[in-house]
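To start, the structure itself, in structure tokens.
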Amino acid sequence: MSAWLANAIEKSHSVNDWLTAKRQGALALLQEKNWPGRKTEDWKYTSVRALEKRAISSAANAGEVNVATIAGLEAIELHFIDGHFQGVKQSLPEGLSIVELSKADAEVQAWAVEAFSACKPKKHLFGLINDTLADNGLVIDVAEGADIKQPMRIVNEITQDIDVQHRVLVRLGEGAKATVIEQAGGTQESYFSGFAEYFLAEKAALEHYRFCLRTGKALSIGGSHFELKSNAQINSTLVGFGSELSRLDVDVMHRGEGAHAKINAVYLLDSGEIFDLHSCIEHEIGHCTTDETVRGIVGDKATATFNGRIHIHRDAQKTLAELSNKNLLLTDNAQINTKPELEIYADDVRCAHGATVAELDKSALYYLTSRGVSKSQALVMLNFGFINALVDEMPNSALAEWLRPQLQERFAKMNQEPAQA
Amino acid sequence: MLKIRNLKAKVEDKEILKGLSLEVKPGEVHAIMGPNGAGKSTLGYVLTGRDGYEVTDGDATLNGEDLLELEIEERARAGLFLAFQYPVEIPGVSNLEFMKAAVDAAREERGEDALSSADFLKAAKAACKQVNLPLDFLKRGVNEGFSGGEKKRNEIMQMLLLQPKLCILDESDSGLDIDALKVVAEGVNSQRDDQRSFIVVTHYQRLLDYIKPDFVHVLSDGKIVKSGDASLAHELEAEGYAWLETYDRQAEEETA
Ligand SMILES: Nc1ncnc2c1ncn2[C@@H]1O[C@H](COP(=O)(O)OP(=O)(O)O)[C@@H](O)[C@H]1O
Ligand SMILES: [Mg+2]
Numbered sequence: 016m017s018a019w020l021a022n023a024i025e026k027s028h029s030v031n032d033w034l035t036a037k038r039q040g041a042l043a044l045l046q047e048k049n050w051p052g053r054k055t056e057d058w059k060y061t062s063v064r065a066l067e068k069r070a071i072s073s074a075a076n077a078g079e080v081n082v083a084t085i086a087g088l089e090a091i092e093l094h095f096i097d098g099h100f101q102g103v104k105q106s107l108p109e110g111l112s113i114v115e116l117s118k119a120d121a122e123v124q125a126w127a128v129e130a131f132s133a134c135k136p137k138k139h140l141f142g143l144i145n146d147t148l149a150d151n152g153l154v155i156d157v158a159e160g161a162d163i164k165q166p167m168r169i170v171n172e173i174t175q176d177i178d179v180q181h182r183v184l185v186r187l188g189e190g191a192k193a194t195v196i197e198q199a200g201g202t203q204e205s206y207f208s209g210f211a212e213y214f215l216a217e218k219a220a221l222e223h224y225r226f227c228l229r230t231g232k233a234l235s236i237g238g239s240h241f242e243l244k245s246n247a248q249i250n251s252t253l254v255g256f257g258s259e260l261s262r263l264d265v266d267v268m269h270r271g272e273g274a275h276a277k278i279n280a281v282y283l284l285d286s287g288e289i290f291d292l293h294s295c296i297e298h299e300i301g302h303c304t305t306d307e308t309v310r311g312i313v314g315d316k317a318t319a320t321f322n323g324r325i326h327i328h329r330d331a332q333k334t335l336a337e338l339s340n341k342n343l344l345l346t347d348n349a350q351i352n353t354k355p356e357l358e359i360y361a362d363d364v365r366c367a368h369g370a371t372v373a374e375l376d377k378s379a380l381y382y383l384t385s386r387g388v389s390k391s392q393a394l395v396m397l398n399f400g401f402i403n404a405l406v407d408e409m410p411n412s413a414l415a416e417w418l419r420p421q422l423q424e425r426f427a428k429m430n431q432e433p434a435q436a
Numbered sequence: 246m247l248k249i250r251n252l253k254a255k256v257e258d259k260e261i262l263k264g265l266s267l268e269v270k271p272g273e274v275h276a277i278m279g280p281n282g283a284g285k286s287t288l289g290y291v292l293t294g295r296d297g298y299e300v301t302d303g304d305a306t307l308n309g310e311d312l313l314e315l316e317i318e319e320r321a322r323a324g325l326f327l328a329f330q331y332p333v334e335i336p337g338v339s340n341l342e343f344m345k346a347a348v349d350a351a352r353e354e355r356g357e358d359a360l361s362s363a364d365f366l367k368a369a370k371a372a373c374k375q376v377n378l379p380l381d382f383l384k385r386g387v388n389e390g391f392s393g394g395e396k397k398r399n400e401i402m403q404m405l406l407l408q409p410k411l412c413i414l415d416e417s418d419s420g421l422d423i424d425a426l427k428v429v430a431e432g433v434n435s436q437r438d439d440q441r442s443f444i445v446v447t448h449y450q451r452l453l454d455y456i457k458p459d460f461v462h463v464l465s466d467g468k469i470v471k472s473g474d475a476s477l478a479h480e481l482e483a484e485g486y487a488w489l490e491t492y493d494r495q496a497e498e499e500t501a
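Residue numbers (my numbering), protein chains in the order written: chain A, 16 to 436; chain B, 246 to 501.
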């Protein structure tokens with residue numbers, strides 16, 4: 016066992032709250048887990064050495080930082096600074112309850128204790144650690160039939176060299192609609208572990224965004240996990256910048272007929288950054304659909320890892336699942352490790368799965384240059400367009416307008432001599 | 246303006262243009278008609294420099310400049326514009342940023358300052374309105390999900406913004422209803438002056454009722470086989486191209 020993990024387990028003994036029973040369950044599982052090394056399949060391409068070197072610490076007080084709002088978004092702003100919640104500043108619409116993890120009352124605890132760790136798979140080592148240590152976060156409950164128009168924007172900013180173990184539980188009642196944004200940014204040396212679990216009852220619809228924008232020595236390991244009951248839907252957009260260590264696990268459990276998951280993921284990596292996305296879609300039941308599109312641009316000597324698993328269980332007939340991963344490598348040293356994993360145990364399903372290195376669209380290049388745009392500029396436009404096409408698909412245009420220039424700026428700074436020019 | 250002499254070009258080892266000659270003077274409108282597969286689109290591709298279209302003989306100059314020696318973007322900057330028969334869809338690249346880059350390049354070529362974003366947006370909106378496209382088309386991906394007619398109008402919008410010297414319209418009327426056709430024709434007519442020239446490729450007399458050509462040519466099997474004034478288009482509309490076969494036989498006999 017690594018010293019870091021031993022330290023984490025040690026720390027967990029001092030956490031004592033309404034989740035203790037759950038935390039102890041996770042702890043028991045943790046004792047049997049191996050620390051990820053080169054031979055650990057799930058961590059084959061991503062080293063956790065940068066994390067191992069850290070001592071685990073938290074901050075007594077929140078630092079000073081201004082979290083910028085997003086023009087036109089008009090969100091319910093939920094900010095955590097150094098793991099400290101800054102409170103709900105708006106009045107909440109009817110049908111929506113948001114409470115801090117540490118302040119859950121008996122009524123909230125009654126369902127949340129069951130939900131905690133119920134759709135986050137046990138296989139995630141760092142998720143188990145989060146189970147034992149998470150001392151800040153939110154419990155969000157959207158009542159049956161409620162249609163919450165204002166997006167909930169959960170932002171984590173870290174201003175000190177600390178570790179933050181953050182946890183979010185979201186429950187959408189039958190037919191409820193809501194939008195949740197999980198955002199973490201910054202460059203401060205630190206470790207952020209953010210795990211979120213979403214439970215969608217029948218016919219509930221969730222619009223979800225996860226922006227993993229921490230770079231440099233700002234390390235992150237986290238996950239977003241979804242359970243969909245019949246005819247529930249998620250539309251999720253994931254965006255990743257890389258850092259010395261940035262890992263995201265996304266799991267979707269189709270647990271009711273007619274559930275639908277649309278996932279668009281984009282990553283844009285520069286210098287020696289690492290971004291590792293694992294997605295796992297469990298079709299446990301028939302007549303569900305998954306449409307997952309993952310696109311990345313990898314520059315300089317950065318490394319992207321994408322592992323996309325689709326698991327169609329024995330009884331999951333009439334499943335429709337599509338997953339595509341396309342990558343654009345800007346240099347010879349940029350690396351992409353992409354691995355499709357299809358496991359199909361039902362016979363009447365339609366499933367498409369592809370991973371490719373993106374090819375330049377020659378007729379598009381001709382079209383742009385035939386209007387007088389230089390070839391080099393046209394290539395930049397096309398390369399950026401490759402990921403921007405998914406930004407265009409974001410259902411919330413205020414978020415798209417906010418994100419696009421950040422991606423553009425990042426892309427402009429990257430090596431602009433594509434290997435294929 | 247444009248001088249094409251004995252142009253021969255091949256695609257994938259197949260000769261398509263077989264000695265085509267054409268001169269277009271400033272301010273003139275030339276219509277090119279002819280059967281499918283004659284090489285009309287190929288002419289546009291060869292002149293604009295599309296990859297895979299290899300010139301094997303002849304030459305083409307635009308205002309005295311050897312067109313065939315220039316890069317694709319240099320030809321555009323020299324004032325050449327092709328409205329595509331099949332405009333390309335480019336998701337992720339907005340119409341607006343595409344046109345801003347193109348207009349900036351054209352202005353730079355003319356030694357003019359780049360337009361401010363606000364001025365450009367104004368011009369783009371005006372062009373958009375002129376071709377009857379909703380303004381949100383500027384924000385959308387280039388031609389992405391546009392209908393056939395919208396694509397054609399988007400080509401004309403680009404022409405309005407770029408103010409080229411020589412415009413080749415490749416079947417800009419096909420698939421358009423009469424209202425859309427008028428929009429396209431009015432767009433072209435608004436640009437007509439004694440300096441700007443047009444080559445209008447079409448199958449239908451209909452378009453030429455709105456865009457009055459100075460000359461009409463018949464392109465067949467890679468060559469211009471007949472030229473005349475606007476009345477030739479009416480004849481073609483009435484007679485079709487069946488006469489071309491006899492024409493070819495006659496030509497062969499004459500050369501024999
Ligand atoms: N990329 C290509 N590869 C092979 N043949 C081509 C290609 N493009 C055009 N052609 C051929 O060249 C001929 C002329 O085509 P085109 O210029 O499109 O005709 P038009 O526009 O007059 O209908 C046709 O026979 C067509 O099949
Ligand atoms: Mg054609």
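Cβ coordinates follow ideal geometry from the N, Cα and C atoms, glycine included.
Name the chain A residues that come within less than 9 Å of residue i, Cβ to Cβ?
{"i": "T287 of chain B", "result": "Within 9 Å Cβ-Cβ: nothing; T287 of chain B doesn't reach chain A, min ~14 Å."}
{"i": "L313 of chain B", "result": "Those within 9 Å of L313 of chain B in chain A number zero; the least Cβ separation is about 15 Å."}
{"i": "L407 of chain B", "result": "R386 and G387"}
May I ask you to report which of helix, strand or coil DSSP gives residue i?
{"i": "T293 of chain B", "result": "helix"}
{"i": "E217 of chain A", "result": "coil"}
{"i": "N145 of chain A", "result": "helix"}
{"i": "Y381 of chain A", "result": "helix"}
{"i": "A434 of chain A", "result": "With a pLDDT of 45 at A434 of chain A, under the threshold of 50, the modelled position of this residue cannot be trusted; read the value that follows with caution. In this structure, A434 of chain A counts as coil in the three-state DSSP scheme."}
{"i": "Q350 of chain A", "result": "strand"}
{"i": "H139 of chain A", "result": "coil"}
{"i": "P336 of chain B", "result": "strand"}
{"i": "L375 of chain A", "result": "coil"}
{"i": "Y486 of chain B", "result": "coil"}
{"i": "M402 of chain B", "result": "helix"}
{"i": "L284 of chain A", "result": "strand"}
{"i": "D422 of chain B", "result": "coil"}
{"i": "E416 of chain A", "result": "helix"}
{"i": "Y455 of chain B", "result": "helix"}
{"i": "R324 of chain A", "result": "strand"}
Using a cut-off of 9 Å between C-beta atoms, extract the partners of residue i located in chain B.
{"i": "K390 of chain A", "result": "E316, I317 and E318"}
Could you name the residues of chain B that residue i contacts, counting a contact when the two beta carbons are closer than 8 Å?
{"i": "Y382 of chain A", "result": "F329, P332, V333, I335 and V387"}
{"i": "G400 of chain A", "result": "I335, P336, G337, V338 and G386"}
{"i": "S378 of chain A", "result": "V333"}
With distances taken from CA atoms, which of the options is nearest residue i?
{"i": "E424 of chain A", "options": "A:I155, A:S294, A:F256 and A:Y381", "result": "A:F256"}
{"i": "A220 of chain A", "options": "A:S412, A:F226, A:A276 and A:A133", "result": "A:A276"}
{"i": "K259 of chain B", "options": "B:I249, B:E268 and B:G282", "result": "B:G282"}
{"i": "L341 of chain B", "options": "A:H302, A:Q332, A:Q421 and A:M396", "result": "A:M396"}
{"i": "L477 of chain B", "options": "B:F460, B:N399 and B:S266", "result": "B:F460"}
{"i": "L111 of chain A", "options": "A:A90, A:L140, A:F95 and A:D156", "result": "A:D156"}
{"i": "F141 of chain A", "options": "A:L45, A:T252, A:P108 and A:E25", "result": "A:L45"}
For residue i, return the contacting residues in chain A, with the cut-off set at a CB-CB distance below 7 Å.
{"i": "R295 of chain B", "result": "Y381"}
{"i": "A347 of chain B", "result": "R386, G387 and V388"}
Under 7 Å between the Cβ atoms of residue i and residue j?
{"i": "A130 of chain A", "j": "F241 of chain A", "result": "no"}
{"i": "R38 of chain A", "j": "T147 of chain A", "result": "yes"}
{"i": "V185 of chain A", "j": "F207 of chain A", "result": "no"}
{"i": "R262 of chain A", "j": "I300 of chain A", "result": "no"}
{"i": "V103 of chain A", "j": "H94 of chain A", "result": "no"}
{"i": "L375 of chain A", "j": "A393 of chain A", "result": "no"}
{"i": "K135 of chain A", "j": "D162 of chain A", "result": "no"}
{"i": "M167 of chain A", "j": "V123 of chain A", "result": "no"}
Going along chain A in order, which residues have a C-beta closer than 8 Å to the C-beta of residue i?
{"i": "E400 of chain B", "result": "None at all; the shortest Cβ gap to chain A is about 10 Å."}
{"i": "E342 of chain B", "result": "M396"}
{"i": "A254 of chain B", "result": "Ordered by position in chain A, no residue passes the 8 Å Cβ test against A254 of chain B, which lies about 16 Å from the chain."}
{"i": "R250 of chain B", "result": "Neighbours of R250 of chain B on chain A: none; closest Cβ ~23 Å, over 8 Å."}
Any heavy atom of ligand 4 within a distance shorter than 6 Å of the CB on residue i?
{"i": "Q423 of chain A", "result": "This structure does not include ligand 4; its bound ligands are ligand 1 and ligand 2."}
Chain B partners of residue i, CB-CB under 7 Å?
{"i": "N171 of chain A", "result": "None at all; the shortest Cβ gap to chain B is about 29 Å."}
{"i": "A404 of chain A", "result": "P336, G337 and G386"}
Legend entry - Beta carbon shell of ligand 1 at less than 5 Å from a heavy atom: B:V256, B:E257, B:I261, B:N281, B:G282, B:A283, B:G284, B:K285, B:S286 and B:T287
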